[in-house]
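For reference, the structure is listed below as structure tokens.
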Amino acid sequence: MNIWWSSIFIVAYLSQSLCKSFKCSVINEAGFCFLENVVIGDPASAKTLEFPKQQILLIKSGSIPNFSKDIYAQLSGVRLLHMYNHTAIRKFMIAVSNLTEINLQRNGLVEFDVEPTESRNLKTLTIVHNAINVIPKNIRYLEGLEKLFLYNNSLEYVDLEMFTNATSLKVLSLYDNFIKTLDSKLGLRFANLQTLSLSKNKLNFIPYFVESFPALNAISLRKNPWNCRWLEFAMGHIEARSIQIARKDAICRHNWVGDICCYRTVLDFLFQMQGQELRHDREQLLKLAQDNRELTDVVGRLNESVRKLEERVVDNKADGEV
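Sequence positions in the sequence shown follow mature numbering (1 follows the signal peptide of the UniProt record, and there is no 0) and run -19 to -1, 1 to 303.
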């Protein structure tokens, strides 16, 4: 009997020693549970982890090189997950869960992915001040997204089609990256997008700008090498729709359209020259057409005078014969 009880005690002791339990260092008035020194070296050990039951977790420090799908099983009661500053993460998997918000800031994150299963719970995704250079194609599975913040990363290319399943998307923030291409196509519409932040990138133009964002009411454009011809067109639409422009350019060494700086290329110059030539040719053609109409009128009047003169000659001959 003693051996039996001893065995149970040993098993319980080993289970407890193997289980890693994290406790809140502080719970503030807003209900945030602050965790410190959260270290998860092996994702396979996730089953032995135990997190607090609070709905809002803020991990202030630690190291989780690979935040894998297995960890989510231990976060079933969490709704908001924030990981800031001193929490080192290299890879992050967004799995189907009860989370409505994920916020990752200054983690040294270089890669994230999304579980290829439809997810509608996650409403806000924030991955900022990190080193992300690619948006995974599986982000299309986050169909419930309303706010997406990916600013201050290392993105160079963004395909807007990846976000079309998020039909409730209202905020898209991509500022302070290295984006050269914002890819789109005719017919692509974000019916509910209200805020688009694109400042501090390397964009020349936004394809199908008018058609793609019918509900837009705020946009940031500063510090991009915009093409002046496109910007003139875009500004016409922005002013007509009373769309608010956030934080305008303070300095410009080239050309201004409104309060946003833009650049004219050699191609623009050639187009401008060609346009001037075409306008000149059109004016000449219009003048020639007008001259031709006037000449036609003169010829018509002369013909009429000749006809009348011939009639008079005929009449005079007839009178002479009589």
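All C-beta atoms, glycine included, are put in the ideal place defined by N, C-alpha and C.
- When DSSP assignments are scanned along the segment 49 to 82, the uninterrupted stretches of beta strand (DSSP E) that are 3 or more residues long and fall wholly within it turn out to be 61 to 69 and 72 to 75.
- The beta carbons of Leu103 and Thr81 sit closer together than 8 Å.
- Take Arg121, set aside five residues on each side of it, and the residues of its chain with a beta-carbon closer than 6 Å to its own are Met143 and Asn146, in chain order.
- The beta carbon of Glu264 sits closer than 7 Å to none of the beta carbons in its chain outside the five residues before and after it.
- Minimum Cα-Cα distance from Leu90 among the listed residues Ser78, Glu99, His67 and Thr98 corresponds to His67.
- In this structure Ser100 is in contact with Glu124, their Cβ atoms being roughly 7 Å apart against a cut-off of 8 Å.
- CA-to-CA, the gap between Ser165 and Asp140 works out to about 6 Å.
- For Glu99, the secondary structure class from DSSP, reduced to helix, strand or coil, is coil.
- Separation of Gly43 and Ile224 (C-alpha to C-alpha, rounded to the nearest whole angstrom) is 43 Å.
- Under the three-state reduction of DSSP, Phe190 is assigned to helix.
- Note on geometry: alpha-carbon atoms of Pro117 and Ser57 lie some 25 Å from one another.
- Ala199: not part of any alpha helix (DSSP H); member of the beta strand (DSSP E) spanning Ala199 to Ser201, first to last residue.
- By the 16-neighbour rule on beta-carbons within 10 angstroms, Lys204 is buried.
- DSSP places Cys233 in the coil class of the three-state scheme, outside both helix and strand.
- Linking Glu213 to Tyr65 through their CA atoms gives a straight-line distance of about 40 Å.
- Beta-bridge pairing by DSSP links Val91 to no other residue.
- If you draw a straight line from the Cα of Glu127 to the Cα of Glu96, it comes to about 18 Å.
- Shown here for Asn18: same chain residues with a beta carbon closer than 8 Å to its own, the five before and five after excluded, namely Ser42 and Gly43 in chain order.
- Apart from the 5 residues on each side of it in sequence, Val7 sits with its Cβ closer than 6 Å to the Cβ of Phe15 in its chain, given in chain order.
- Nearest Cα to Asn208 within the set Phe48, Leu184 and Thr29: Leu184.
- A direct Cα-Cα distance of roughly 56 Å separates Leu177 from Glu275.
- If you draw a 10 Å sphere on the C-beta of Ser201, you find 16 or more other C-beta atoms in it, and that means buried.
- Counting only the Cα atoms, Ala227 lies some 42 Å from Phe3.
- Assignment of beta-bridge partners to Ser42 by DSSP yields His67.
- In the DSSP assignment, Ile108 falls within the beta strand (DSSP E) that extends over Thr105 to Val109.
- One alpha carbon belongs to Leu61, the other to Asp157, and they sit about 25 Å apart.
- For the options Asp51, Tyr53, Asp94 and His63, the alpha carbon positioned closest to that of Lys72 is the one of Asp94.
- Judged by their CB atoms, Asn111 and Asn88 are nearer to each other than the 8 Å cut-off.
- Looking at the DSSP output, Glu31 bridges to Ser2.
- Pairing Leu169 with Ser193 gives a Cβ-Cβ distance under 8 Å.
- A Cβ-Cβ contact shorter than 8 Å links Leu129 with Leu153.
- The beta carbon of Ser78 lies closer than 6 Å to those of Tyr53 in the same chain, with the five residues before and after it left out.
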